[in-house]
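full-length UniProt numbering applies: residue 1 is where the sequence shown begins, and numbers increase by one.
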Amino acid sequence: MRTCPRKFAFSYVERARPSFVPATLRFGGSIHAALELRYRCRLEGLTATPEALLSAYHDAWRREHQRDGDIPVRFNKGDDTDTLAALADRMLRSFLDSPLATPKGTILGVEEELRVELVPDLPDLLARVDLVTMTDESLFVIDFKTSRSRWTEPKAQESGDQLVLYGRTVEELGRTLGLPVKLHFAIITKAKKPVIQLLPVPTDPTRVAALTESVSQVWRAIQTGNFYPSPSPQNCTSCPFRSRCPVFAG
Numbered sequence: 001m002r003t004c005p006r007k008f009a010f011s012y013v014e015r016a017r018p019s020f021v022p023a024t025l026r027f028g029g030s031i032h033a034a035l036e037l038r039y040r041c042r043l044e045g046l047t048a049t050p051e052a053l054l055s056a057y058h059d060a061w062r063r064e065h066q067r068d069g070d071i072p073v074r075f076n077k078g079d080d081t082d083t084l085a086a087l088a089d090r091m092l093r094s095f096l097d098s099p100l101a102t103p104k105g106t107i108l109g110v111e112e113e114l115r116v117e118l119v120p121d122l123p124d125l126l127a128r129v130d131l132v133t134m135t136d137e138s139l140f141v142i143d144f145k146t147s148r149s150r151w152t153e154p155k156a157q158e159s160g161d162q163l164v165l166y167g168r169t170v171e172e173l174g175r176t177l178g179l180p181v182k183l184h185f186a187i188i189t190k191a192k193k194p195v196i197q198l199l200p201v202p203t204d205p206t207r208v209a210a211l212t213e214s215v216s217q218v219w220r221a222i223q224t225g226n227f228y229p230s231p232s233p234q235n236c237t238s239c240p241f242r243s244r245c246p247v248f249a250g
């Protein structure tokens with residue numbers, strides 16, 4: 001929800017070539033692929049070993065490498081493909097040992113693409129939802145994140161705008177089933193001993209209305225081509241389009 005408009009244009013309008021691929025981005029995507037394998041196996045009544053999940057991680061990393069071609073990967077200090085693979089192994093084993101690997105109820109969707117109309121004058125919202133489960137009491141929408149450290153509940157709340165909108169995609173199903181929709185972040189920390197967290201993201205009609213208005217403003221800006229830079233120390237430092245950005249030109 002807070003992506004720099006100029007970065008959005010580089011990525012999705014101009015399809016500009018990035019200067020590098022952040023290793024953290026590729027790592028997160030590869031971890032997601034491993035988690036997807038686990039839940040798809042659960043859907044089919046199969047098991048998934050730590051070795052199988054790590055193999056899925058490596059396969060996803062290779063696919064991304066082939067897709068990105070000769071664009072270099074930028075690692076954080078002290079990291080390389082081997083250290084990240086070892087970290088992935090620890091994280092995936094910790095995940096398999098946690099209750100999150102065997103969620104209660106029924107799995108309804110894994111990496112599912114869902115659409116919803118927010119308001120009539122906007123394009124449908126397309127969401128790729130990590131995990132949707134159902135119990136007798138609720139529908140659960142879960143978004144996985146890898147993180148260097150634990151999250152707090154306020155952090156989850158502050159980071160939940162996109163997840164709140166994703167929750168809209170299953171509201172109709174919830175109404176049909178007579179079940180409330182509950183949103184959660186699932187955090188897997190990148191630590192020597194990874195920690196698994198499941199944090200709720202509360203929502204209410206006021207927040208949904210504010211986010212819908214924000215999406216409307218973004219859509220109007222896209223239609224007018226108003227892709228202004230929105231510099232920040234946190235985002236600009238790791239932006240793969242920094243060398244192209246007018247903020248840093250000259």
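C-beta atoms are modelled at their ideal positions from N, C-alpha and C, and glycine is treated no differently. Bear in mind that the values here come from a model prediction, so they are computed numbers and not experimental data.
Exercise. Determine which residues share a DSSP beta bridge with R197 and list them.
Key: Position 197 of the sequence shown, counted from the start, is the residue given in the question as residue 197. Strictly speaking, residue 197 in this sequence is Gln, with Arg absent from that position. According to DSSP, Q197 bridges with I187.
Quiz item: What's the C-alpha gap between T212 and E51?
Solution: Translated into the one-based positions of the sequence shown, residue 212 becomes position 212. Translated into the one-based positions of the sequence shown, residue 51 becomes position 51. If you take the alpha carbons of T212 and E51, they lie about 42 angstroms apart.
Quiz item: Can you tell me whether D143 is buried or exposed, with buried defined as 16 or more other CB within 10 angstroms of its CB?
Solution: To locate residue 143, count along the sequence shown from 1; it is residue 143. Result: buried.
Practice problem: Could you tell me the distance, in whole angstroms, from the CA atom of L173 to the CA atom of S138? | Solution: Residue numbering aside, residue 173 sits at position 173 when the sequence shown is read from its first letter. Residue numbering aside, residue 138 sits at position 138 when the sequence shown is read from its first letter. Going from the Cα of L173 to the Cα of S138 covers about 11 angstroms.
Quiz item: To the nearest angstrom, how far is it from the Cα of A61 to the Cα of I188?
Solution: To locate residue 61, count along the sequence shown from 1; it is residue 61. To locate residue 188, count along the sequence shown from 1; it is residue 188. Checking the sequence, you will find Trp at residue 61 rather than Ala. Whole-angstrom Cα-Cα distance: 18 angstroms.
Self-check item: C-beta neighbour in chain C for A16, strict 8 angstroms
Solution: As a matter of chain content, chain C is missing from the structure shown, which is built from one protein chain.
Quiz item: How would you write the range of the beta strand (DSSP E) that S147 sits in, first residue to last?
Solution: What you label residue 147 is simply residue 147 of the sequence shown in a count that begins at 1. From DSSP, the beta strand (DSSP E) with S147 extends over L139 to S147.
Exercise. Whole angstroms is fine: what's the gap from D80's alpha carbon to M91's?
Key: Walking along the sequence shown from the start, residue 80 turns up at place 80. Walking along the sequence shown from the start, residue 91 turns up at place 91. D80 and M91: Cα-Cα distance of roughly 16 angstroms.
Self-check item: Residue interval of the alpha helix (DSSP H) (run including D59)
Solution: As a working note, residue 59 is residue 59 in the sequence shown. Where D59 is concerned, the enclosing alpha helix (DSSP H) stretches over P50 to D68.
Quiz prompt | Cβ distance (whole Å) where M134 is taken to contact T176 below 8 angstroms | solution = The residue labelled residue 134 in the question sits at position 134 within the sequence shown. The residue labelled residue 176 in the question sits at position 176 within the sequence shown. 12 angstroms between Cβ atoms; not a contact.
Quiz item: So which of R74, T24 and P18 has the shortest CA-CA distance to K145?
Solution: As a first step, residue 145 is located in the sequence shown; it is residue number 145 there, counting from the start. Out of R74, T24 and P18, T24 has the C-alpha closest to the C-alpha of K145.
Self-check item: For L177, three-class secondary structure by DSSP
Solution: Counting from 1 along the sequence shown, the entry for residue 177 is found at position 177. Helix, per DSSP.
Quiz item: Tell me, which residues are paired with K182 by DSSP?
Solution: The residue labelled residue 182 in the question sits at position 182 within the sequence shown. Answer is F140, bridged to K182.
Quiz item: What are the residues that DSSP puts in a beta bridge with T106?
Solution: Counting from one through the sequence shown, the residue named residue 106 turns up at place 106. According to DSSP, which records beta bridges pairwise, T106 is partnered with M134.
Quiz prompt | Three-state secondary structure assigned by DSSP to F248 | solution = Taking the sequence shown and counting its residues from 1, one reaches residue 248 at position 248. Three-state DSSP puts F248 in a helix.
Exercise. Answer with buried or exposed for F27, where buried requires no fewer than 16 other C-beta atoms within 10 angstroms of its C-beta.
Key: Against the sequence shown, residue 27 aligns to sequence position 27. That one is buried.
Quiz item: For A210, which option in L198, P229, K192 and Q162 has the closest C-alpha, if you only look at C-alpha atoms?
Solution: Working through the sequence shown from its first residue, we reach residue 210 at position 210. The shortest C-alpha separation from A210 is found at Q162.
Quiz item: If you compare alpha carbons, which of V247, E153, R40 and P120 is closest to V201?
Solution: Translated into positions along the sequence shown, residue 201 becomes position 201. Nearest C-alpha to V201: E153.
Practice problem: Could you have a look at E112 and say whether DSSP puts it in helix, strand or coil? | Solution: Translated into positions along the sequence shown, residue 112 becomes position 112. Residue state, collapsed to three classes: strand.
Quiz item: G178: buried (16+ other C-beta within 10 angstroms of its C-beta) or exposed?
Solution: Here the question's residue 178 lines up with position 178 in the sequence shown. Exposed, since its Cβ has fewer than 16 Cβ neighbours within 10 Å.
Quiz item: Which value, in whole angstroms, describes the spacing of the CA atoms of T206 and N235?
Solution: Within the sequence shown, residue 206 is the residue found at index 206, counting from 1. Within the sequence shown, residue 235 is the residue found at index 235, counting from 1. If I take the Cα positions, the gap works out to 28 angstroms.
Quiz item: Whose C-alpha, out of E112, S149, L125 and P123, is nearest the C-alpha of L131?
Solution: Numbered from 1 along the sequence shown, position 131 holds the residue referred to as residue 131. Nearest option by C-alpha distance: E112.
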